[in-house]
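Report on the structure given below.
2 protein chains.
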Amino acid sequence: MHEQVDKLLINGTVVTMDAAATVYTQGAVAIRGRDIVAVGEVADLQARYSANQVIDCTDCAILPGLINGHAHVPMSLLRGMVSDYQQLDVWLFGYMFPVEGQFVTPAFSYIGARLSCAEMLRSGTTTFVDMYYYEEEVARAADESGMRAICGQTVLRMPSPDAPSYDVGIERARRFIEQWHTHDRIIPTIAPHAPYTCTDHIYHEAMELCAQFGVPLITHLSETSREVQESRAERDATPIGYANRVGAFDVPCIAAHCVHATEDDIVLLRQRGVGVVPCPSSNLKLASGVAPYDRLIKAGVHTGLGTDGPASNDDQDMFAEIHLAAMLPKGLGGDPMIMPARDALSLATSRGAQAIHLDHLIGSLVPGKRADVIVVELNHLHSAPRYTYSPDTIYSHLVYSVHSSDVRDVLVDGRMIVENRTLLTMDEREVMAQAQQIADQINVFLSSREENLLDKILAIGGVQQAEIFEIQVKARVTSADIERVEAMLRDPAIRVTKTSERMQYDTYFLFHKRERGRIRIREDRRIDPGARMDTKYTITLMAEADQGEYPYAMLLSRARYTARASQTLRFYREYFHPDHETEIEKHRRRWRILYKNKDFAINIDDLVGRQDNGPFLEIKGRTWGRRDADERATLIGELLERCGIRAEQLVKQEYVELEREG
Amino acid sequence: MHEQVDKLLINGTVVTMDAAATVYTQGAVAIRGRDIVAVGEVADLQARYSANQVIDCTDCAILPGLINGHAHVPMSLLRGMVSDYQQLDVWLFGYMFPVEGQFVTPAFSYIGARLSCAEMLRSGTTTFVDMYYYEEEVARAADESGMRAICGQTVLRMPSPDAPSYDVGIERARRFIEQWHTHDRIIPTIAPHAPYTCTDHIYHEAMELCAQFGVPLITHLSETSREVQESRAERDATPIGYANRVGAFDVPCIAAHCVHATEDDIVLLRQRGVGVVPCPSSNLKLASGVAPYDRLIKAGVHTGLGTDGPASNDDQDMFAEIHLAAMLPKGLGGDPMIMPARDALSLATSRGAQAIHLDHLIGSLVPGKRADVIVVELNHLHSAPRYTYSPDTIYSHLVYSVHSSDVRDVLVDGRMIVENRTLLTMDEREVMAQAQQIADQINVFLSSREENLLDKILAIGGVQQAEIFEIQVKARVTSADIERVEAMLRDPAIRVTKTSERMQYDTYFLFHKRERGRIRIREDRRIDPGARMDTKYTITLMAEADQGEYPYAMLLSRARYTARASQTLRFYREYFHPDHETEIEKHRRRWRILYKNKDFAINIDDLVGRQDNGPFLEIKGRTWGRRDADERATLIGELLERCGIRAEQLVKQEYVELEREG
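Which chain is which? The protein sequence lines are A and B, in order.
Take 1 as the starting number for the first sequence in this note's numbering and just add one per residue.
Take 663 as the starting number for the second sequence in this note's numbering and just add one per residue.
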């Protein structure tokens, strides 16, 4: 009496990853429909079942499909885009955000997700947890690929490629969940990005939405030590403590990274049943650190593993992550026994399933669970020879020797998706060609941008163009001259609209090719008594000037672009790669005046650390119009005469051109 | 006018790894005989050369063959043999040494080396540096495979599988070098294992031999922090300082690991031009730590990378090592810019060649160097899409995305060794089958040994069998009894041959299956005034006893095996995996006596920490003969009578069976 099943995998080493860590060295798995019906010795299962399809797995291991607990799959399109000598902020604000802002569309998310699904399936991953924009496109790609996925629509307080504001983002997420939540393999949800990019309100709304639809909440927590530090300062809580406070753990939560979880955090994560998903490669590559894998496991926290986005990894190879999770705790903990291969493997299987709240369905080869199964070849040079004196040796082989390229077959829900290394649900070449098309566009965007400082400064946002004509005169002055200037300013013909006293610290980025222009980063601090003590940071791109000289004034015509400098000097340095850098520090008294109905700035500057310290008088006007520029030049001549400045006092050089003090 | 060459590789991205880090995105390499003739743009080289064979490398990168700077290639046969919950000493003394002692033969070295050469070639390694036993067999296998290698005959002060003493080892090395030193691809040399396993003399002899033949010296230095600590205590120098002192750096030296090199060491390594070869995977897996890659490079030390033996890795995949070398410094140094991909790649190419003192021949694609070249496919899902806006992006692709399975072609000395993923110099299946044959024998050895404590204790060496019959009686005594015993000992019928007073700390390993026997580890410390204060450590395996009772004495017949316990208690615990453990601490006064020409031991014992503390009297005899045992049993009865011990005082239990206090 043979019971009928659909598929019978035979003759492989079945690594069940069940609670007893059962291994069948000559094992078999019986599958009916989408479910595992039986797991055991070959002889036993062959005696009990008759199968429509018998799959011989001689020289192979049969494992639960791997679980990638944290990903941003569309970002496969950005893999390898940025060199690894960029800091995180340059990488993010200088490259990722500009490129994402420019290129992330529904098609981007769909094509990137397809590429990633293909890559993950070919390397043995059957389930992934995602967080990105246009997540409905990720869901569609995952569904078509045959994979299982939890797809989180990213929400953050800033505008994102798919939502001009977070209200819109939350609404998008709601519609996405409504549309997909009855799907059998795809779980749609919302993913508040992280405490440092969200608000209490966003977390609260996300939690309500998850509770309403019974879906898990995905977020990033405690990825970097800086994040933890800042969270403590701003919210008097670690990011994990904060997430708990704003309700993120009131629903099943999947928390990516948690690299810098404290001991208290770990207790909290366990108590609240939070799934924790570190990403070993990404955490190393972005210099975030190494998650406390062994302590998480020891504490009973549901711990998984993820690849993170391919832009910071750069592949989506769970075998590589398992390998790192096995290696890092040993090397850093000084104890080779701290993370046995079996535990490392569990992070992508049995424990990984707990971490994403799907352990009732997947993570181990157990009758009744879904037939997400992979077949991995063990007959390659790098896995030879094989030791079998202890059933435990299979874990060493799988964790330390096997490569993702050894994956032969992949089944999800009992359906064969990869058969003998061939992906059945997609055309790999077509997927890669579509991906390359988008990369080619980005290649063009970045190539031109790298040469053009304007594009580069525009890419980081908030930039405004300033008046293109500057009329300015500079003169070396004496204290007697300065007294005459002050007297002039009391003349009723001149109306002083603003006065200030300030210290200005300017850093100039200079380039060998002068036609590229120069970048000035200015720290401008008011020091006049009673003035608001705010410091202004501006970044200005000044194109090379066309200079036209008037009798007294110098006309400079050039494009100037300016923005609030929201990044650090180091950021800009690494972003713009100047060939040369110089600094100007000056004390400036400034008067904004109206003279014959035109506005001018009058500066008395003392430089610091230059051979020629001044003081200098500057009179400046700015305008968009050429004729207006001519008129202002004439008026500047009049102002010079009024305070008795002689031609020989004039200085043609800019401050940045004056020599430094020996 | 076309110049004739043998091979022209065209249309690949040529990553030269030359001093200027030149990359030709549409590049070509021309090869004549064993040498690189030209490297450049495709169009340029096609205009200049006519080739017997044109190899199209579209969608591929063309790189210098990778250099594995430290390996023990025959150990591929032991890959995955030991589970990773074993400490280094258990791994080494409990498994590696016994198995090596039993199985390492010339055939072992040859077959293991063949397997490793096959694996290395298929994953893009063209040169390796080795250190093992029967190294002439490694040289033969490497030569036949077509690889380039530096083969070091291991010498250490202890007996090794190929040399009963180090003099023999040094002589073997000399003959090996004499035989091979004119070979073009194989450089034979001597490899003093490490400071902690060698003597000054060995290092000195090795250095002389290297100087005589102009070959580099290979050794292990500063692999673990403990090694450094012990070296400082014993030799008042770090292992690196010591190696310098004994002349190891007077010849070109290749120093493996150097994980724990100090700042002073790093200066010394640079000054002496020592090549340093950390092994990222092995250093992590064995919990040795992470080498200071970035500081070594910054200091100008010639730094390479190695896989170490496959028993501690477990593969021989230089792409994986490059990947780790790129990732670890970032993650641990908190700086994502600390080790750019290009630098990581250089460790296995240009810098790696310096580290093994072969940079005049290999390590970069430069005209005049040997044509050791690999072709790596970039058209796989995990490397898609490709960014080309900066020539630097290729390094990210190669280091973070490419897998060793993407290696398509491998040339050594201009000869095609791997072509389109097929190894031309060996039959992979045959190599694996031969390797499996040996593994099968080891499987049998280990399977039986795991069950049999005797095999297990014999495996770690120095064990002797003791007399199989013990006749012993134990009695609970009073101080009056003890006075009577002391009186008896003054009786002229009894001759006291030795007296002592000691503290004995016994740890018993007990097993559920009593027939497996039990293990006792004893720390035995003399405390009698004037006695030598040495502490003896012994390990004893006691098989389950056949007990036969005499009127007074109890006869125990059992196999006993004993050895000096040279390892720690923890070692034995992890090695034997007892199901249960108990401790006995006792104060013992002991008399060795002759009575009627037979020797007995008389003990007065006070136990510590047991409910029944004693004192106890023990009278014991041991013998190999049954009849002798009978006679001794009778004599023990006489001795008991002489000191008036009554039957009801006798104790049948062994100390280990007495209950613990509270």
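Using N, Cα and C, we set each Cβ at its ideal position, and we do this for glycine too.
Check, Outcome
"Of the listed residues 118(A), 159(A), 175(A), nearest to residue 148(A) (C-alpha basis)", "118(A)"
"Neighbouring residues, chain B, relative to residue 289(A) (Cβ below 9 angstroms)", "993, 994, 996"
"C-beta neighbour in chain B for residue 222(A), strict 8 angstroms", "no"
"Nearest residue (CA-CA) to residue 213(A), options 179(A), 4(A), 649(A), 246(A)", "179(A)"
"Neighbour-count burial assignment, residue 867(B), 16 or more Cβ in a 10 Å radius", "buried"
"Beta-carbon spacing of residue 615(A), residue 602(A) below 8 angstroms", "no"
"Residue(s) in a DSSP beta bridge with residue 1168(B)", "1184(B), 1246(B)"
"Beta bridge counterpart(s) of residue 822(B) as assigned by DSSP", "825(B)"
"Status (buried if at least 16 other CB within 10 Å, exposed otherwise) for residue 50(A)", "exposed"
"Residue 967(B) - DSSP class collapsed to helix/strand/coil", "coil"
"From 1089(B), 714(B), 812(B), 862(B), residue whose alpha carbon lies closest to that of residue 908(B)", "862(B)"
"Contact check, residue 895(B) vs residue 1131(B), beta carbons under 8 angstroms", "no"
"Below-8 angstroms beta-carbon distance, residue 1112(B) vs any chain A residue", "yes"
"Coarse secondary structure for residue 183(A), derived from DSSP in three states", "coil"
"Helix, strand or coil at residue 854(B) [DSSP, three-state]", "strand"
"Any C-beta of chain B under 8 angstroms from that of residue 265(A)", "no"
"Sheet register partners of residue 712(B) (DSSP bridge)", "666(B)"
"Cutoff 8 angstroms: residue 1019(B) Cβ touching any chain A Cβ", "no"
"For residue 91(A), the three-state DSSP class (helix, strand or coil)", "helix"
"Residue-chain proximity (residue 1094(B), chain A), Cβ-Cβ < 8 angstroms", "yes"
"is_contact[residue 1105(B), chain A] using C-beta, thresh 8 angstroms", "yes"
"Close Cβ partners of residue 460(A) (< 7 angstroms) along its chain, the five nearest in sequence each way excluded", "93, 94, 98"
"Under the three-state DSSP convention, the category residue 68(A) falls into", "strand"
"For residue 311(A) and residue 72(A), the rounded distance between their alpha carbons", "9 angstroms"
"Cβ of residue 898(B) within 8 angstroms of any chain A Cβ", "no"
"Residue closest to residue 1164(B), alpha-carbon to alpha-carbon, out of 1046(B), 1177(B), 1197(B), 1221(B)", "1197(B)"
"Counterpart residues of residue 217(A) in DSSP-defined beta bridges", "253(A)"
"Straight-line Cα distance separating residue 202(A) from residue 1041(B)", "41 angstroms"
"Proximal chain B residues relative to residue 327(A), where beta-carbon distance stays under 9 angstroms", "942, 943, 946, 947, 986"
"Residue 1023(B) - DSSP class collapsed to helix/strand/coil", "coil"
"Residue-chain proximity (residue 313(A), chain B), Cβ-Cβ < 8 angstroms", "yes"
"For residue 770(B), the three-state DSSP class (helix, strand or coil)", "helix"
"Residue 612(A) versus residue 655(A): straight-line alpha-carbon distance, rounded", "9 angstroms"
"Counted within 10 angstroms of its Cβ, other Cβ atoms place residue 1241(B) as buried (16 or more) or exposed", "exposed"
"Helix, strand or coil at residue 411(A) according to DSSP, with G and I counted as helix", "strand"
"Endpoints, the alpha helix (DSSP H) within which residue 1096(B) is located", "1090–1113"
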